[in-house]
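Residue numbers for the sequence shown follow the UniProt record's numbering, beginning at 1 and rising by one. Glycine included, each C-beta is placed from N, C-alpha and C at the ideal position.
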Amino acid sequence: MARQHQPGKMDHDNIKADITATDGTPDLMLDPQIPSLRTIPSQSSIQTNNATKKIDGEWYQVAVRTNPLLGSTLSPAQERQALRSAGPLSDLLNKLGVSTILRMDILKDAQMVLNMPTPLRALSDAKL
Numbered sequence: 001m002a003r004q005h006q007p008g009k010m011d012h013d014n015i016k017a018d019i020t021a022t023d024g025t026p027d028l029m030l031d032p033q034i035p036s037l038r039t040i041p042s043q044s045s046i047q048t049n050n051a052t053k054k055i056d057g058e059w060y061q062v063a064v065r066t067n068p069l070l071g072s073t074l075s076p077a078q079e080r081q082a083l084r085s086a087g088p089l090s091d092l093l094n095k096l097g098v099s100t101i102l103r104m105d106i107l108k109d110a111q112m113v114l115n116m117p118t119p120l121r122a123l124s125d126a127k128l
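Here it is, written out as C-alpha cells:
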C-alpha cells in the first residue's frame, strides 16, 4: 500500500512539515516554533517567485505571485529544528555544505496567483 503524504500541520505554537523521498521514507522535516504573527497590509509586500520546468519536452517558466496577509519571519537567532534523513534533498543539502537556515518566512494567511506557464523558446531550441 502506498504511503499517503500528510500535509504540514500548524497550530498556535508550532509548524510541522516534512518532505518524503520518492520511496515514501522521510527526507527532510521541519518543526519550528511560531513567532508572533503580524498583520501585513494587503498589497504592501507582493512577491513573485519563478520556476523553470520542462513540460512535455519543452522548457517553460511559471510565475507565482504571493500577497502575504498574516505572517512573520524567523531569523537565525530564533529556535527552530530541521532534521535530515537519507533522502535526495538531505543528500543534496549535505553535498552543498548547507548547515544553517538563514531565514524562514511563515505565512498563515496569503493570497496566491499561479500564472500559466510561459514557453522559453531559447532553452527549448538549445536542446538542453
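DSSP-derived helix/strand/coil call for residue i
| i | result |
| --- | --- |
| D23 | coil |
| A122 | helix |
| S90 | helix |
| L114 | strand |
| L37 | coil |
Residue environment, residue i, which counts as buried when at least 16 other CB atoms sit within 10 Å
| i | result |
| --- | --- |
| L74 | buried |
| S99 | exposed |
| S44 | exposed |
Contact set for residue i: own chain, Cβ-Cβ below 8 Å, skip 5 residues either direction
| i | result |
| --- | --- |
| P117 | K53, I55, Y60, Q61 and V62 |
| S36 | S72 |
| I46 | R65, T66 and N67 |
Extent of the continuous beta strand (DSSP E) run through residue i
| i | result |
| --- | --- |
| I101 | Looking at the DSSP string, I101 is not in any beta strand (DSSP E), and its letter there is neither H nor E. |
| Q61 | E58 to L74 |
| N49 | Q47 to I55 |
Contact check, residue i vs residue j, beta carbons under 9 Å
| i | j | result |
| --- | --- | --- |
| P119 | T22 | no |
| D27 | I19 | yes |
| M29 | A86 | no |
| M112 | N67 | yes |
| L123 | V64 | no |
| T39 | L69 | yes |
| P41 | I106 | no |
| R103 | N94 | no |
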